[in-house]
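S.K.:
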Amino acid sequence: MRRLGQWLWRIVTVFDWPLLGLLAMLAGLGMTIMYSAVGNTGGRFDDQLRNLMLALVAMWAVALVPPAWLRKFAVPFYVLGVILLLGVEFFGETSKGATRWLHLGVVRIQPSEMLKIAVPLMLAWYFHRNDQQLRIRDFLVAIVLLGIPFILIVKQPDLGTALLVLGTGFFVIYFGGLSFKLLVPVTVIGIAVLAVVVVNEDALCEPGVDWVVLHEYQKHRVCTLLNPGSDPLGKGFHTIQSMIAIGSGGLYGKGYMQGTQTHLDFIPERTTDFVLAVFAEEFGLYGCIMLLVLYLLLILRGLVIAWQADTQFGRLLAGALSMMFFIYVFVNVGMVTGVLPVVGVPLPFLSYGGTALLTLGIACGILMSISRHRETSD
Numbered sequence: 001m002r003r004l005g006q007w008l009w010r011i012v013t014v015f016d017w018p019l020l021g022l023l024a025m026l027a028g029l030g031m032t033i034m035y036s037a038v039g040n041t042g043g044r045f046d047d048q049l050r051n052l053m054l055a056l057v058a059m060w061a062v063a064l065v066p067p068a069w070l071r072k073f074a075v076p077f078y079v080l081g082v083i084l085l086l087g088v089e090f091f092g093e094t095s096k097g098a099t100r101w102l103h104l105g106v107v108r109i110q111p112s113e114m115l116k117i118a119v120p121l122m123l124a125w126y127f128h129r130n131d132q133q134l135r136i137r138d139f140l141v142a143i144v145l146l147g148i149p150f151i152l153i154v155k156q157p158d159l160g161t162a163l164l165v166l167g168t169g170f171f172v173i174y175f176g177g178l179s180f181k182l183l184v185p186v187t188v189i190g191i192a193v194l195a196v197v198v199v200n201e202d203a204l205c206e207p208g209v210d211w212v213v214l215h216e217y218q219k220h221r222v223c224t225l226l227n228p229g230s231d232p233l234g235k236g237f238h239t240i241q242s243m244i245a246i247g248s249g250g251l252y253g254k255g256y257m258q259g260t261q262t263h264l265d266f267i268p269e270r271t272t273d274f275v276l277a278v279f280a281e282e283f284g285l286y287g288c289i290m291l292l293v294l295y296l297l298l299i300l301r302g303l304v305i306a307w308q309a310d311t312q313f314g315r316l317l318a319g320a321l322s323m324m325f326f327i328y329v330f331v332n333v334g335m336v337t338g339v340l341p342v343v344g345v346p347l348p349f350l351s352y353g354g355t356a357l358l359t360l361g362i363a364c365g366i367l368m369s370i371s372r373h374r375e376t377s378d
């Protein structure tokens, strides 16, 4: 009986209750809007409920693992992820023009999802190990560690996941001590390139113009972003219908399950990438503000956990994973509102998807592990 009590106490105390409360509210909203969005898409609501339960179990299991153990597994987990990415490069399965899956005989996996966790783990371990004597060389090594999986994922091609891996890894490097002054020239170059693309849109978006660094479909996504009306029934259809749904929601929305764009099947991918358009049409601007406030509180809670962590590893990892949620939300909202190209990034805890939910659950579990376990910096 005493052992049972100790086991139950361990289950209860492993949770970070502010974080768990925010996750519960987001998950509740997610299942509510999923019920409206599924329409005639079979058993997706039941599947999403199962995916959510699996993500919560994964979160609890990871939360039980002390950060010291996570640090020990950082290198092998990263190496395994890179090896699997190389396996995708040479032996991967191609579907809809992309090679992202690897069949291991009994199961088919998407290794790029692993790297969303493996890259910040590896970089946090590296900076923790070299915390006392950081030099330019250490930052160059970190950039290489980040660049290898980023390039392999871009080649699949999977630009959305690649950007998430790049962004999360960048925040580890930045929090690790990268000077802000070094980012100024990169920012200036990025703004200059963007200005050139906008000014020369007509010429650059002509058929046959090769952008070299981007695949043809990625070029079309950028061109469609600049002018959705250029192909309203093709490449621009997603963006146009999404903006119509958001605009028709107004301040208060049309009411739950009353969205015409949703239930007349005008919104493509309404259960995955564009679920926010469904939410905005039914709950309006005020509903969207409430949702964004919940995400903001989630990110802030993660940053508080990072600030309170007692090792460099915990601080860097918690900070990077918190900013990963920011990247998810920023990119998805930008896609749905027509501010950013469509790159296939889901909205955390609202979009349908098992792998993405599992990754988010593991990330939250790591945050809880850092919050609840204390270790001596070594």
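First residue of the sequence shown? That's 1 in UniProt numbering, and the numbers climb one at a time after it. From the three backbone atoms N, C-alpha and C, an ideal C-beta is built for every residue, glycine too.
#1: With distances taken from CA atoms, which of Leu85, Asp16 and Tyr328 is nearest Val342?
#2: Could you pull the start and end residues of the alpha helix (DSSP H) that Thr359 belongs to?
#3: With DSSP run on the structure shown, which of helix, strand or coil describes Leu159?
#4: Measuring only the C-alpha atoms, how far is Ala98 from Thr161?
#5: Any contact between the segment 300-312 and the segment 156-173? By contact I mean 3 or more CB pairs, one from each, below 8 Å.
#6: Helix, strand or coil: how does DSSP classify Gln93 here?
#7: Between which two residues does the alpha helix (DSSP H) holding Ala98 run?
#8: Rounded to whole angstroms, what's the CA-CA distance from Tyr174 to Leu285? Just pull it up for me.
#9: Less than 7 Å between C-beta atoms, sequence neighbours within five positions excluded: which residues of the same chain meet that for Val38?
#10: How would you label Asp378, buried or exposed, when you count the other beta carbons within 10 angstroms and need 16 or more for buried?
#11: Look up Arg108 in the DSSP assignment and give the residues it is bridged to.
#12: Among Leu49, Leu134 and Val165, which residue has its Cα nearest to the Cα of Leu145?
#13: Mind checking whether Ile153 and Leu115 have CB atoms under 8 Å apart?
#14: Would you give the residue range spanned by the alpha helix (DSSP H) that Cys288 belongs to?
#15: My understanding is that Gly253 touches Phe283, with C-beta atoms under 8 Å, so please give their C-beta distance in whole angstroms.
#16: Pull up the distance between the alpha-carbon of Gln48 and that of Leu367, whole angstroms please.
#17: Quick one: what does DSSP say Tyr256 is sitting in, helix, strand or coil?
#18: Confirm the yes/no value for this check: CB of Phe73, any heavy atom of the ligand NAP, distance under 7 Å.
#19: Leaving out five residues on either side along the sequence, give the residues of the same chain with a beta carbon under 8 Å from the beta carbon of Gly247.
#20: Please report the Cβ distance between Val196 and Met122, rounded to the nearest whole angstrom; I am assuming they are in contact, meaning their Cβ atoms lie under 8 Å.
#21: Assign Gly30 to buried or exposed, taking buried as 16 or more other Cβ atoms, counted over all protein chains shown, within 10 Å of its Cβ.
#22: Taking only the alpha-carbon atoms, compute the straight-line gap between Ser242 and Leu251 and give it to the nearest angstrom.
#23: According to DSSP, simplified to helix, strand and coil, what is Pro149?
#24: Per DSSP, what kind of secondary structure is Ala135 in: helix, strand or coil?
#25: Answer yes if the segment 66-73 comes into contact with the segment 19-26, meaning at least three C-beta pairs across the two stretches below 8 Å, and no otherwise.
#26: When the distance is taken between beta carbons, is Met335 closer than 8 Å to Asp273?
#27: CA-CA distance, Thr359 and Gly81?
#28: Apart from the five residues just before and just after Leu303, which ones in its own chain have a Cβ nearer than 7 Å to its Cβ?
#29: Quick check on DSSP: helix, strand or coil for Cys223?
#30: Helix, strand or coil, according to DSSP, for Val14 in the structure here?
M.R.: Concretely, from the data shown:
#1: Reading the sequence shown from its first residue, position 342 is the one you call residue 342. Cα-wise, what sits closest to Val342 is Tyr328.
#2: The residue labelled residue 359 in the question sits at position 359 within the sequence shown. Per DSSP, Thr359 is one residue of the alpha helix (DSSP H) stretching across Gly354 to Arg372.
#3: One-based indexing of the sequence shown puts residue 159 at position 159. Leu159 falls in the helix class under three-state DSSP.
#4: Stepping through the sequence shown from its first residue, residue 98 is reached at position 98. Stepping through the sequence shown from its first residue, residue 161 is reached at position 161. In this structure, the alpha-carbon of Ala98 lies about 13 Å from that of Thr161.
#5: no
#6: Your numbering for residue 93 matches position 93 in the sequence shown. First, the residue type needs correcting, since residue 93 is Glu and not Gln in the sequence shown. Strand.
#7: Start at 1 with the first residue of the sequence shown, and residue 98 comes out as number 98. Premise fails: Ala98 lies in the beta strand (DSSP E), Ala98 to His103, not in any alpha helix (DSSP H).
#8: As a position in the sequence shown, residue 174 is number 174, starting the count at 1. As a position in the sequence shown, residue 285 is number 285, starting the count at 1. Roughly 34 Å separates the two Cα atoms.
#9: On the sequence shown, position 38 is the one that residue 38 refers to. Take Val38, set aside five residues on each side of it, and the residues of its chain with a beta-carbon closer than 7 Å to its own are Arg44, Phe45 and Thr271, in chain order.
#10: As a working mapping, residue 378 is identified with position 378 in the sequence shown. Residue confidence for Asp378 is low, a pLDDT of 43 falling below 50, so the modelled location carries little weight and cannot support an answer.
#11: The count along the sequence shown starts at 1 and reaches residue 108 at position 108. BP columns for Arg108 point to His103.
#12: Position 145 of the sequence shown holds residue 145. Looking at Leu49, Leu134 and Val165, the one whose alpha-carbon comes closest to that of Leu145 is Val165.
#13: If you number the sequence shown from 1, residue 153 lands on position 153. If you number the sequence shown from 1, residue 115 lands on position 115. For Ile153 and Leu115, yes; Cβs fall inside 8 Å.
#14: One-based indexing of the sequence shown puts residue 288 at position 288. Looking at the DSSP string, the run of the alpha helix (DSSP H) that includes Cys288 is Val275 to Gln308.
#15: Taking the sequence shown and counting its residues from 1, the one referred to as residue 253 is at position 253. Taking the sequence shown and counting its residues from 1, the one referred to as residue 283 is at position 283. So it is a contact: roughly 4 Å between Cβ atoms.
#16: Translated into the one-based positions of the sequence shown, residue 48 becomes position 48. Translated into the one-based positions of the sequence shown, residue 367 becomes position 367. Each residue's Cα considered, the two are about 23 Å apart.
#17: Position 256 of the sequence shown, counted from the start, is the residue given in the question as residue 256. Three-state DSSP puts Tyr256 in coil, outside helix and strand.
#18: Among the ligands in the structure shown, none appear at all, so the ligand NAP cannot be discussed.
#19: In the sequence shown, counting from the first residue as 1, residue 247 sits at position 247. Result list for Gly247: empty, nothing under 8 Å.
#20: Start at 1 with the first residue of the sequence shown, and residue 196 comes out as number 196. Start at 1 with the first residue of the sequence shown, and residue 122 comes out as number 122. Contact flag wrong, Cβ pair sits at about 35 Å.
#21: Reading the sequence shown from its first residue, position 30 is the one you call residue 30. Counting Cβ neighbours within 10 Å, Gly30 comes out buried, since at least 16 surround it.
#22: Position 242 of the sequence shown, counted from the first residue, corresponds to residue 242. Position 251 of the sequence shown, counted from the first residue, corresponds to residue 251. Computed Cα separation, rounded: 16 Å.
#23: As a first step, residue 149 is located in the sequence shown; it is residue number 149 there, counting from the start. Three-state DSSP puts Pro149 in a helix.
#24: One-based indexing of the sequence shown puts residue 135 at position 135. One point to set straight first is that residue 135 is Arg, not Ala, in the sequence displayed. Here Arg135 sits in coil by DSSP.
#25: no
#26: What you label residue 273 is simply residue 273 of the sequence shown in a count that begins at 1. What you label residue 335 is simply residue 335 of the sequence shown in a count that begins at 1. Yes, the Cβ-Cβ distance between Asp273 and Met335 is below 8 Å.
#27: Start at 1 with the first residue of the sequence shown, and residue 359 comes out as number 359. Start at 1 with the first residue of the sequence shown, and residue 81 comes out as number 81. Thr359 and Gly81: Cα-Cα distance of roughly 14 Å.
#28: Counted from its first residue, the sequence shown places residue 303 at position 303. Around Leu303: Gly319 and Ser322.
#29: As a first step, residue 223 is located in the sequence shown; it is residue number 223 there, counting from the start. If DSSP states are grouped into helix, strand and coil, Cys223 belongs with the helices.
#30: Reading the sequence shown from its first residue, position 14 is the one you call residue 14. Val14: coil per DSSP, three-state reduction.
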